[in-house]
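Trainee: My questions will all concern the structure given below.
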Amino acid sequence: MNEGYMAENRNKESNKRIDENEKKHKVKEENSRNAKSSKLNLNISGMTCTNCAMKISSTLNEMPGVKKADVILGTESATVDFNENEVTIDDIVSKIGEIGYKGDLSKITVRLEQEYDDIKIQEMKDQLQLIEGVYKVTYNEEGNNDNIRIDFNSGKISENSLLHEFKDMGYEFKKTKGILEQERESYEQEIAHRKRLLVFSLIFSIPIVILSQLKSRTNIFAGSEQLIVYILFVLATLTHILVGTFFYKNAYNALKNKSTNMDVLISIGSATAYIYSVLTTFGIITGEEFFEPSVLIFTFIVIGKLLEMIAKGRTSNSLTKLMELKAKKAHLLRKGEPNKGENGQKGKAFEKEIDVDVDYVDVGDIILVRPGEKIPLDGKIIEGSSRIDESMITGESYPIKKKEDDVVIGGTINQNGLLKIEVQKIGNDTMLSRIIDMVREAQSEKPPLQRLADKVSAIFVPTVIAIGIITFFVWYLGFDFTFEQALLRFVAVIVISCPCAMGLAIPTAVMVGTGLGAKMGILIKGGGSLEAVHKVNTIVFDKTGTLTIGKPRVIDIVPVNDLSENEIIYFAATAEKGSEHPLARAMLEKAEEQNIDLGSVKEFESISGYGIRGKVDNMNILIGNIALAERELVNIVDYKQSIHNLQDSGKTVVLLMINSQLKGIIAISDELKTYAKESIGMLKKMNIRPYILTGDNEKTAKAIAKELNIDNYYAEVRPGQKLDKIEEVQHQSNNLVAMVGDGINDAPALTKAD
Numbered sequence: 019m020n021e022g023y024m025a026e027n028r029n030k031e032s033n034k035r036i037d038e039n040e041k042k043h044k045v046k047e048e049n050s051r052n053a054k055s056s057k058l059n060l061n062i063s064g065m066t067c068t069n070c071a072m073k074i075s076s077t078l079n080e081m082p083g084v085k086k087a088d089v090i091l092g093t094e095s096a097t098v099d100f101n102e103n104e105v106t107i108d109d110i111v112s113k114i115g116e117i118g119y120k121g122d123l124s125k126i127t128v129r130l131e132q133e134y135d136d137i138k139i140q141e142m143k144d145q146l147q148l149i150e151g152v153y154k155v156t157y158n159e160e161g162n163n164d165n166i167r168i169d170f171n172s173g174k175i176s177e178n179s180l181l182h183e184f185k186d187m188g189y190e191f192k193k194t195k196g197i198l199e200q201e202r203e204s205y206e207q208e209i210a211h212r213k214r215l216l217v218f219s220l221i222f223s224i225p226i227v228i229l230s231q232l233k234s235r236t237n238i239f240a241g242s243e244q245l246i247v248y249i250l251f252v253l254a255t256l257t258h259i260l261v262g263t264f265f266y267k268n269a270y271n272a273l274k275n276k277s278t279n280m281d282v283l284i285s286i287g288s289a290t291a292y293i294y295s296v297l298t299t300f301g302i303i304t305g306e307e308f309f310e311p312s313v314l315i316f317t318f319i320v321i322g323k324l325l326e327m328i329a330k331g332r333t334s335n336s337l338t339k340l341m342e343l344k345a346k347k348a349h350l351l352r353k354g355e356p357n358k359g360e361n362g363q364k365g366k367a368f369e370k371e372i373d374v375d376v377d378y379v380d381v382g383d384i385i386l387v388r389p390g391e392k393i394p395l396d397g398k399i400i401e402g403s404s405r406i407d408e409s410m411i412t413g414e415s416y417p418i419k420k421k422e423d424d425v426v427i428g429g430t431i432n433q434n435g436l437l438k439i440e441v442q443k444i445g446n447d448t449m450l451s452r453i454i455d456m457v458r459e460a461q462s463e464k465p466p467l468q469r470l471a472d473k474v475s476a477i478f479v480p481t482v483i484a485i486g487i488i489t490f491f492v493w494y495l496g497f498d499f500t501f502e503q504a505l506l507r508f509v510a511v512i513v514i515s516c517p518c519a520m521g522l523a524i525p526t527a528v529m530v531g532t533g534l535g536a537k538m539g540i541l542i543k544g545g546g547s548l549e550a551v552h553k554v555n556t557i558v559f560d561k562t563g564t565l566t567i568g569k570p571r572v573i574d575i576v577p578v579n580d581l582s583e584n585e586i587i588y589f590a591a592t593a594e595k596g597s598e599h600p601l602a603r604a605m606l607e608k609a610e611e612q613n614i615d616l617g618s619v620k621e622f623e624s625i626s627g628y629g630i631r632g633k634v635d636n637m638n639i640l641i642g643n644i645a646l647a648e649r650e651l652v653n654i655v656d657y658k659q660s661i662h663n664l665q666d667s668g669k670t671v672v673l674l675m676i677n678s679q680l681k682g683i684i685a686i687s688d689e690l691k692t693y694a695k696e697s698i699g700m701l702k703k704m705n706i707r708p709y710i711l712t713g714d715n716e717k718t719a720k721a722i723a724k725e726l727n728i729d730n731y732y733a734e735v736r737p738g739q740k741l742d743k744i745e746e747v748q749h750q751s752n753n754l755v756a757m758v759g760d761g762i763n764d765a766p767a768l769t770k771a772d
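Sequential numbering from 19 applies to the sequence shown in the working numbering.
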């Protein structure tokens, strides 16, 4: 009876799921019929130059149903706006493949944490396939791991949203590979491929160079010259097969689609030298063979391309670093079963802590954050208080005091308190995710120099080939040179005109420039920034950590009555020994700098919002703000002007009071870096306008600007607003703007700057 009942229940559940799937399928079909416009994000592989990106873009834009297609070489990606009623994703991907490139959707791979039978696996795949934006679901059983790979359109659904929908279906799984891991894997595969090409190229080109030089400059091979020529032929042929095929294939695909790219120039130059050398080797024509240049072309280009990839990996990983700031795990609190109280009555339900991936946390969940940990997601504190280091998001130099009902931001650091947080935003809705999206959008925009390069490159290759042919005939017919000499000049024009021939010098210069910058604490956005910097007429500086040191320090000590500066620090630092406040740490560091031996504090008490009290050397100590002095009826009237002057200069004022008398004034501030004034002065002499852009308050920003003699500043600017401010400065008199900043809060602005 039980078995029959269970079977009946299973059938009911199965029928219910089938009905739900049918409803979803109908909804998806209805949406498809009504669809007018859709956005598709693709990863593009196989591009080698701007012409490649232009060819893909123009081909896609010519397709019926495609409204707009943007292809970005730097990020190796494409964004396509299209009408689903007229063209499909398959059509778009297939068209990209037809012209010799590869378009891939975003992918995530998950490992199933439970065993499921074949029927359940198929049901799971069907359910996933019904999610809007999911393109293909593949099940792969590897050893003891059951892996599900989902290909999806990130233009329609984000990775986090997809994982949440999958979780809501009731399946247990763990993400093993997401978009970030996919990008890393693609980069590593490309690096490995270029290294293989370089190894093959060097293995054959080095012997060719040595043999060619010995043959032409010495008599060591006297009587065996023809044998050496045959050896050179074999080595060069292997190089063209193992290395040259990569360039020949790209050139063929370009020509097949009535386009030209840099690989066409490389192939023409190398193949011309090789074919001529083969003809002379076997006596078909007379002349001197030159296998050496035909293979060295490949070697130098491959070296340049490899260095370019390495430089790209070092200088364009801002998105990766941003993504890595996200917390991976969260301490999720769940209500457990109530304990049994006296007389068998139920007691209070306890909270069970579960460590889960951040992707599986929902809005409304309660998470626990311990001191020193990252706050996983945006939310509201429901229990506890702490100081939160938000400098990487907001630019605020001091940790912010947070208590119940205050909002916290995912990615920031909880410094000293235990917090329970109710999650309010997940996935792409969090502030850090929005910053990442802003960086992506800014990276996708082509700067004016890139747009100019696109126009030039469209006619560049045909022009170079024409000049090469003219050069050959001018030298062969006009100057009575031999065919061999004229051909050499044709090859020289073709190869030397190819921007990829500078692929060794340019990436090397970029690597050296960015490497030196990194050693000096400067992350340069890339070679384009180095190229454009000489035209810059405006530089926007972040304040915290760029113009200033980035942490509070004791700047001024004003003795009152009979205490010396060291005595003031002694009493203040001793009293603050038990405090975690950043201002307290500043006083303790000052005591350490001055080699002041501290005493002991008794009866320590923290007065929230005011300061602290305690006993040092049997004297009653109060340390805090003006409000504390007024509350404790300490007379500070004679020193109020001095206090206000310090505050107006952007400093935080701490008062030391002993036995109800003011004994010292300590001014604490984020100190300017030693070279800041000098640097700003030099820039102004070069007619470069400096700006300050900061999340700090108006008073602090104004004081720093005044001290540095900077006329223009923006204060209390949030991360999203920083990008807007950069645009605003750019539009003022057509400024070419450079941005100097550190911290995650600067990432969108750094990307948007010229």
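Glycine residues also receive a C-beta, built at the ideal position from the N, C-alpha and C atoms. Source: prediction; values computed, not measured.
Give the secondary structure of SER678 by DSSP, where H, G and I count as helix, E and B as strand, and everything else as coil.
Mentor: Along the sequence shown, read from residue 1 onward, the residue named residue 678 stands at position 660. Correct three-state label for SER678: coil.
Trainee: Check whether the Cβ atoms of GLU734 and GLY713 lie closer than 9 Å to each other.
Mentor: As a first step, residue 734 must be located in the sequence shown, where it is residue number 716. As a first step, residue 713 must be located in the sequence shown, where it is residue number 695. Yes, Cβ-Cβ distance for GLU734 and GLY713 is below 9 Å.
Trainee: Leaving out the 5 sequence neighbours to the left and right, which residues in its chain are closer than 8 Å to LEU436 when beta-carbon positions are compared?
Mentor: Numbered from its first residue, the sequence shown carries residue 436 at position 418. If we look at LEU436 and ignore the five residues flanking it on each side, its Cβ neighbours are LEU386, VAL387, ARG388, PRO389, GLY402 and SER404.
Trainee: Decide yes or no for the touch test of the segment 614 to 624 against the segment 683 to 700: beta carbon pairs closer than 8 Å, at least 3 of them.
Mentor: Taking 8 Å as the limit for Cβ pairs, the verdict is that the segment 683 to 700 does not touch the segment 614 to 624.
Trainee: Indicate whether ASN178 and GLY445 have their beta-carbon atoms separated by less than 9 Å.
Mentor: The residue given as residue 178 occupies position 160 in the sequence shown. The residue given as residue 445 occupies position 427 in the sequence shown. Result yes, Cβ atoms of ASN178 and GLY445 sit closer than 9 Å.
Trainee: Could you check where the alpha helix (DSSP H) with GLY627 kicks off and where it finishes?
Mentor: Counted from its first residue, the sequence shown places residue 627 at position 609. No alpha helix (DSSP H) holds GLY627; DSSP gives it neither H nor E.
Trainee: Use the C-beta contact count for LYS764: other C-beta atoms within 10 angstroms, 16 or more gives buried, fewer gives exposed.
Mentor: Residue mapping note: residue 764 aligns to position 746 of the sequence shown, counting from 1. The residue asked about is misnamed: residue 764 is Asp in this sequence, not Lys. Buried, since its Cβ has 16 or more Cβ neighbours within 10 Å.
Trainee: From which residue to which residue does the alpha helix (DSSP H) around GLY568 run?
Mentor: As a first step, residue 568 is located in the sequence shown; it is residue number 550 there, counting from the start. Careful: GLY568 lies outside any alpha helix (DSSP H), inside the beta strand (DSSP E) at 566 to 577.
Trainee: Going by Cα to Cα distance, which pick from PHE490, SER409, TYR205 and LEU123 is closest to GLY563?
Mentor: Taking the sequence shown and counting its residues from 1, the one referred to as residue 563 is at position 545. Per the Cα distances, SER409.
Trainee: Grouping DSSP H, G and I as helix and E and B as strand, with all else coil, what is ARG202?
Mentor: Along the sequence shown, read from residue 1 onward, the residue named residue 202 stands at position 184. In this structure, ARG202 counts as helix in the three-state DSSP scheme.
Trainee: Assign THR236 to buried or exposed, taking buried as 16 or more other Cβ atoms, counted over all protein chains shown, within 10 Å of its Cβ.
Mentor: In the sequence shown, the residue the question calls residue 236 occupies position 218. The residue in question, THR236, is exposed, as its Cβ has fewer than 16 Cβ neighbours within 10 Å.
Trainee: Which one or two residues does DSSP pair with MET637 in a beta bridge?
Mentor: Numbered from 1 along the sequence shown, position 619 holds the residue referred to as residue 637. According to DSSP, MET637 bridges with VAL634.
Trainee: Do the segment 259 to 271 and the segment 309 to 327 meet, that is, are 3 or more Cβ pairs less than 8 Å apart?
Mentor: At 8 Å Cβ cutoff, the stretches touch.
Trainee: Quick one: is PHE478 buried, meaning 16 or more other Cβ sit within 10 Å of its Cβ, or exposed?
Mentor: For the purposes of this step, residue 478 is taken as the residue at position 460 of the sequence shown. Counting Cβ neighbours within 10 Å, PHE478 comes out buried, since at least 16 surround it.
Trainee: Could you compute how far the alpha carbon of ILE246 sits from the alpha carbon of PHE222?
Mentor: Residue 246 sits at position 228 when you count from the first residue of the sequence shown. Residue 222 sits at position 204 when you count from the first residue of the sequence shown. Looking at the two C-alpha atoms, the distance is approximately 14 Å.
Trainee: Determine the direct distance from the alpha carbon of GLY287 to that of SER176, and round the result to whole angstroms.
Mentor: Sequence index remark: in the sequence shown, residue 176 carries index 158 (1-based). Sequence index remark: in the sequence shown, residue 287 carries index 269 (1-based). Taking the straight line from one Cα to the other gives about 46 Å.
Trainee: How long is the line joining the alpha carbons of ASN753 and THR556, rounded to whole angstroms?
Mentor: Counting from 1 along the sequence shown, the entry for residue 753 is found at position 735. Counting from 1 along the sequence shown, the entry for residue 556 is found at position 538. Each residue's Cα considered, the two are about 6 Å apart.
Trainee: Once you ignore the five residues that flank SER277 on each side, which residues in its own chain have a CB closer than 7 Å to its CB?
Mentor: The count along the sequence shown starts at 1 and reaches residue 277 at position 259. For SER277, where only same-chain residues beyond five positions count, the Cβ hits under 7 Å are ASN69 and LYS73.
Trainee: Between the segment 691 to 698 and the segment 650 to 666, can you find at least three pairs of beta-carbon atoms closer than 8 Å?
Mentor: Touching, no.
Trainee: So, helix, strand or coil for GLU650, using DSSP?
Mentor: For the purposes of this step, residue 650 is taken as the residue at position 632 of the sequence shown. In this structure, GLU650 counts as coil in the three-state DSSP scheme.
Trainee: If we ignore side chains and look at the alpha-carbon of each, how far apart do ILE485 and THR290 end up?
Mentor: For the purposes of this step, residue 485 is taken as residue 467 along the sequence shown, with counting starting at 1. For the purposes of this step, residue 290 is taken as residue 272 along the sequence shown, with counting starting at 1. Each residue's alpha carbon lies about 16 Å from the other.
Trainee: Could you pull out every residue in the same chain whose Cβ sits closer than 7 Å to the Cβ of ASN677, ignoring the five residues on either side in sequence?
Mentor: By 1-based counting over the sequence shown, the position of residue 677 is 659. Answer for ASN677: MET637 and ASN638, listed in chain order.
Trainee: Along the chain, where does the alpha helix (DSSP H) containing VAL755 start, and where does it finish?
Mentor: Here the question's residue 755 lines up with position 737 in the sequence shown. First-last for VAL755: 755 to 758, but that is the beta strand (DSSP E), not the alpha helix (DSSP H).
Trainee: VAL128 to THR156, Cα distance in whole Å?
Mentor: The residue given as residue 128 occupies position 110 in the sequence shown. The residue given as residue 156 occupies position 138 in the sequence shown. One C-alpha to the other measures close to 11 Å.
Trainee: Which ranges does the alpha helix (DSSP H) cover as unbroken runs of at least 4 residues, wholly within the segment 272 to 323, from first to last along the chain?
Mentor: Within the segment 272 to 323, the complete alpha helix (DSSP H) runs of at least 4 residues are 280 to 299.
Trainee: Is the CB of ILE444 under 9 Å away from at least one CB in chain C?
Mentor: Structure shown: chain C not included; a single protein chain is present.
Trainee: For the beta strand (DSSP E) containing TYR7, name the first residue and the last one.
Mentor: Any question about residue 7 goes unanswered here, given that the chain covers just 19 to 772.
Trainee: Measuring straight from C-alpha to C-alpha, what distance separates ARG214 and LYS323?
Mentor: Working through the sequence shown from its first residue, we reach residue 214 at position 196. Working through the sequence shown from its first residue, we reach residue 323 at position 305. Each residue's alpha carbon lies about 12 Å from the other.
Trainee: Starting from PRO708, follow the beta strand (DSSP E) in both directions and report where the run begins and ends.
Mentor: On the sequence shown, residue 708 is found 690 positions in, with the first residue counted as 1. Its beta strand (DSSP E) spans residues 707 to 711.
Trainee: Buried or exposed for LEU780, going by 16 or more other Cβ atoms inside 10 Å?
Mentor: A question about residue 780 goes unanswered here, because the residues of the chain that appear run from 19 up to 772.
Trainee: Answer yes or no: do SER124 and PHE170 have a C-beta to C-beta separation smaller than 9 Å?
Mentor: By one-based count along the sequence shown, residue 124 stands at place 106. By one-based count along the sequence shown, residue 170 stands at place 152. Result yes, Cβ atoms of SER124 and PHE170 sit closer than 9 Å.
Trainee: Beta-carbon within less than 7 Å of GLN442's beta-carbon, same chain only, minus the 5 sequence neighbours each way: which residues are those?
Mentor: For this step, residue 442 is matched to residue 424 along the sequence shown. So the qualifying residues of the chain are VAL381, ASP396, GLY397 and LYS398.
Trainee: Given this structure, state the Cα-to-Cα distance separating ALA240 from MET327, to the nearest angstrom.
Mentor: What you label residue 240 is simply residue 222 of the sequence shown in a count that begins at 1. What you label residue 327 is simply residue 309 of the sequence shown in a count that begins at 1. The alpha-carbon atoms of ALA240 and MET327 are separated by roughly 44 Å.
Trainee: Exposed or buried, which one is ASN432 when buried takes at least 16 other CB atoms within 10 Å?
Mentor: Start at 1 with the first residue of the sequence shown, and residue 432 comes out as number 414. With 16 or more Cβ atoms within 10 Å of its Cβ, ASN432 is classed as buried.
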